[in-house]
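Working notes, beginning with the structure itself.
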Amino acid sequence: MKKLVTHCEEYGRLSRRSFLSGSLVSASAFILGNAIVSLPSWLPRVSLADPHVGPRGDTLVVVFLRGGADGLNIIVPHGDDEYYRRRPTIGIPRPDQAGADGALDLDGFFGLHPTLAPLLEIYQAGDLGIVHATGSPDETRSHFEAQDLMERGASEGGNYSGWLARHLTSLDTGNGSALRAIGVGDMLPAALTGAISGTALKSIAEYHLEGRDERIGEMQALLAAFYNEKDD
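So for the sequence shown, my numbering puts the first residue at 119; every next one is plus one.
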């Protein structure tokens, strides 16, 4: 596996394209091999090309809450009497019955659990959508199996790629960067298994390209120049 050497003459002749297709791919291989190479704090800024221009396109952030979640107490159907008949002791009270302890009304029928109050303003601004009655049809009682099925978008066990990996593969964005998709943690999440480009990052501060200390400044300047090029 090639390793970027910052003190050789070849480094000065690198182009942005050759750097991306070589060095960052190698960095990805290091990570997937559990030898994490860290990026200094300047790389996220440099990777956006011009530091005064934001990233193009949308950024999808997926937060997977592992373990069991009681959907009927997260988004409470307080307008349904059957909910309270079925849950006489654990049901979340109606908004008009318990003050701060009751559900936070969303639309007259559904409400948020009171501990999710910070989401109410986002919902009212039209920036939060809630999808009900979703999940895997598999009847497993194992949280571990259920989580794996959800991450792979599969209805049964098997050697499936992750649903996010399949999504990335279906998009012809022309972006082959190893940082196109990032999973936060020691390992790439199952949802990204099989991705054509995906990287596991435990911490941005701990992910960097290695080099001799006296050449770090030069390396930063060259990388900034590569990313600021408009025609390459």
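All C-beta atoms in this analysis are idealised placements derived from N, C-alpha and C, irrespective of residue type, glycine included.
Limits of the unbroken alpha helix (DSSP H) element including residue i
i	result
G303	Note, G303: premise wrong, no alpha helix (DSSP H); not H, not E.
L234	Where L234 is concerned, there is no enclosing alpha helix (DSSP H), given that its DSSP letter is neither H nor E.
A323	No alpha helix (DSSP H) holds A323; DSSP gives it neither H nor E.
A342	I334 to N346
L267	H261 to R270
R204	D199 to R204
Unbroken beta strand (DSSP E) run spanning residue i, endpoints
i	result
L286	Taken as a continuous stretch (DSSP letters only), L286 belongs to no beta strand (DSSP E), being part of the alpha helix (DSSP H) at W281 to S288.
L190	Run containing L190: none in the beta strand (DSSP E); it sits in the alpha helix (DSSP H), G189 to I192.
A318	T317 to L319
heavy atom of the ligand SAH below 7 angstroms from residue i C-beta
i	result
G247	With respect to the ligand SAH, the structure offers nothing, as it holds no ligand at all.
Rounded straight-line distance, which links the Cα of residue j to that of residue i
i	j	result
G220	I210	6 angstroms
L178	L286	11 angstroms
F344	D266	40 angstroms
L341	G335	10 angstroms
P206	G226	21 angstroms
D214	N191	16 angstroms
I240	R204	30 angstroms
Y325	R298	15 angstroms
Q338	T317	22 angstroms
S315	I208	44 angstroms
K320	L183	17 angstroms
N346	V194	50 angstroms
R212	P236	18 angstroms
L310	D198	38 angstroms
D331	S254	51 angstroms
A264	L222	29 angstroms
G312	R284	8 angstroms
R333	A296	24 angstroms
L224	E200	19 angstroms
G353	I300	A query on residue 353 cannot be resolved here, the shown segment of the chain reaching from 119 to 350 and no further.
I322	E328	14 angstroms
I248	V181	14 angstroms
Rounded distance between the beta-carbons of residue j and residue i, thought under 8 angstroms
i	j	result
H261	G186	6 angstroms
Do three or more CB pairs link the region 214-233 to the region 269-276 at distances below 8 angstroms? no
Does the count of Cβ pairs from the region 277-290 and the region 306-326 closer than 8 angstroms reach three? yes
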